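Position 39, counted from 1, in the sequence shown is what full-length UniProt numbering calls 39; the numbers after and before it change by one each time, with no gaps.
First the structure, in the form of structure tokens, and then the observations on it.
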Amino acid sequence: MGRLCCIICSVITVVFIGGFIWLLVWLAHRSHWHIRVNVESANLTRFDLDLNQTLAYNLTLRASVRNANRATVYYKKLEARADYGGQQFGVANLTTFTQRRKSTEMIYPAFHGRSQMPGDSPALEKLRREKGEGFYSIDVKIYMEITLEWLASAGESGATYTARKGYAPEVNCSLKVPVPRNGTASAGFNATPCTVKCPEQGRDLLSHPAGKGCTAHAACRQRCCCELNRKTTRKPEAPNSDIPGNS
Numbered sequence: 001m002g003r004l005c006c007i008i009c010s011v012i013t014v015v016f017i018g019g020f021i022w023l024l025v026w027l028a029h030r031s032h033w034h035i036r037v038n039v040e041s042a043n044l045t046r047f048d049l050d051l052n053q054t055l056a057y058n059l060t061l062r063a064s065v066r067n068a069n070r071a072t073v074y075y076k077k078l079e080a081r082a083d084y085g086g087q088q089f090g091v092a093n094l095t096t097f098t099q100r101r102k103s104t105e106m107i108y109p110a111f112h113g114r115s116q117m118p119g120d121s122p123a124l125e126k127l128r129r130e131k132g133e134g135f136y137s138i139d140v141k142i143y144m145e146i147t148l149e150w151l152a153s154a155g156e157s158g159a160t161y162t163a164r165k166g167y168a169p170e171v172n173c174s175l176k177v178p179v180p181r182n183g184t185a186s187a188g189f190n191a192t193p194c195t196v197k198c199p200e201q202g203r204d205l206l207s208h209p210a211g212k213g214c215t216a217h218a219a220c221r222q223r224c225c226c227e228l229n230r231k232t233t234r235k236p237e238a239p240n241s242d243i244p245g246n247s
């Protein structure tokens, strides 16, 4: 009987230790790449369709990008695309920049020009309907290529090194923009939070473990926010430096 009790206690101990280790591993590997994007204002001064079904547009956005990580983010590519009723009408390339940890930067996607609408496009009927309703439903996507850089521990030695990983997140912003009046933007736009996700997985970047479910290169060409590279550059740093984390 005593031997059976010892076996049971040993099994329980092993299960407990195993569960504790699994919890530590899960906490260490869950996603820390925490980026928030909000469209703070939208200025639409023109959104007109002529007799040739050509859309003339002039839309400027002001969006905040929050880096909540204890890591520097390098924005290597920023491309915004505007869509109405499933029909893309504008593209804007944004200036790349470097963002310090736990900071907020502003970006200004601007769309101006003319775009031909297909005769059978559902956007035509939608435009006429929403003009009477007072708001246009415009979708804006921002495609990013980013690299995060932070100080990581080298293990039991206590040394630290600079680690880098790249991602290609997609930002989706569904906007309700007031119909302009006489070439002037109308009041009434409400600040709108955007989602940051992996298109292939349909999961939020905030809960998407780095590299899980993605294949480097192939998936990244599909703009999945998977790991683009595994380069790490070692160099001595202060022992108490931070590593990435969510706020």
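A virtual CB, placed ideally from N, CA and C, is assigned to each residue, including glycine.
Please read all numbers here as calculations on a predicted model, not as lab measurements.
Between the segment 94-113 and the segment 188-198, the count of C-beta pairs closer than 8 angstroms stays below three; the two stretches do not touch. Here Thr104 carries a strand assignment [DSSP, helix/strand/coil].
With a 10 Å radius around the Cβ and a threshold of 16 neighbouring Cβ atoms, Glu130 comes out buried. Residue pairing for His112: DSSP places it in a beta bridge opposite Asn58.
If you check the CB distance, Phe135 and Pro180 do not come in under 7 angstroms. Counted as a single uninterrupted DSSP element, the stretch harbouring Arg181 is not any beta strand (DSSP E), since DSSP gives it neither H nor E. Per DSSP, reduced to three states, the secondary structure at Leu94 is coil, with no helix or strand assignment. Short of 7 angstroms from the beta carbon of Ala71, and not among the five residues preceding or following it, lie these beta carbons of its own chain, in chain order: Arg101, Leu148, Glu149, Trp150, Pro244. Between Tyr108 and Arg66, the beta carbon gap of about 16 angstroms keeps them out of contact (Cβ cut-off 8 angstroms). In the structure shown, Cys6 falls within a helical segment according to DSSP collapsed to helix, strand and coil. Pairing Thr45 with Gly183 gives a Cβ-Cβ distance under 7 angstroms. For Gly166, there is no enclosing alpha helix (DSSP H); the residue is found in the beta strand (DSSP E) stretching over 160-167.
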